[in-house]
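Chemist:
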Amino acid sequence: MGRDGMTRIGVLEVRLALHGVGSLKEKRGIIKSLLERTRNRFHVAVSEVGCQDVWGTAELGMAAVSSDAVVLQALLEKVLRFIESEGRAVVVDYRVEIL
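Heads up: the sequence shown is residues 21 to 119, going by this note's numbering.
As structure tokens, this is what we get:
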């Protein structure tokens, strides 16, 4: 348990616009690669959670666990910057929540 005896869960939800995607197969390839790189680099749980059948949009959900809310906030901000820097998708909206 952390200093205050609390387990913290950080959640990041991201909506992405995928420009120039011509098929669901192409979208899934982009998203699969992004999910794998995010998971491997940051050790977070990550999944496509919405808009699975929409070519130009993706909704991703990420979660991490820590005893320190500040650490979680910083980690999820790094994940968001990483996704933005990848260049295959534009972040349209996002939400960070620490539980």
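Idealized CB from N, CA, C, for every residue including glycine.
From which residue to which residue does the alpha helix (DSSP H) around Leu92 run?
Modeler: Ala89 to Ser105 is the span of the alpha helix (DSSP H), which, as asked, contains Leu92.
Chemist: Could you check whether Val74 and Leu32 sit closer than 8 Å to each other, using their CB atoms as the reference points?
Modeler: No. Outside cutoff.
Chemist: Please state the DSSP three-state secondary structure of Gly49.
Modeler: Three-state result, Gly49: helix.
Chemist: Am I right that Leu119 and Ile51 are in contact with their C-beta atoms under 8 Å? What's the rounded C-beta distance?
Modeler: At roughly 25 Å, the Cβ-Cβ gap does not stay under 8 Å, so Leu119 and Ile51 are not in contact.
Chemist: On the DSSP letters alone, give me the boundaries of the beta strand (DSSP E) that Leu36 sits inside.
Modeler: Run containing Leu36: Arg28 to Ala37, per the beta strand (DSSP E) assignment.
Chemist: Are the beta-carbon atoms belonging to Leu36 and Ala109 less than 8 Å from one another?
Modeler: Going by C-beta atoms, Leu36 is nearer than 8 Å to Ala109.
Chemist: Determine, using beta carbons only, whether Ala84 and Val64 come nearer to each other than 8 Å.
Modeler: Contact flag set, yes.
Chemist: What residues are listed by DSSP as bridge partners for Val111?
Modeler: For Val111, which the question treats as bridged, DSSP gives the partners Leu36.
Chemist: What separation, rounded to the nearest whole angstrom, lies between the Cα atoms of Leu54 and Met26?
Modeler: Rounded to the nearest angstrom, the two C-alpha atoms are 31 Å apart.
Chemist: Answer with buried or exposed for Ala78, where buried requires no fewer than 16 other C-beta atoms within 10 angstroms of its C-beta.
Modeler: Buried.
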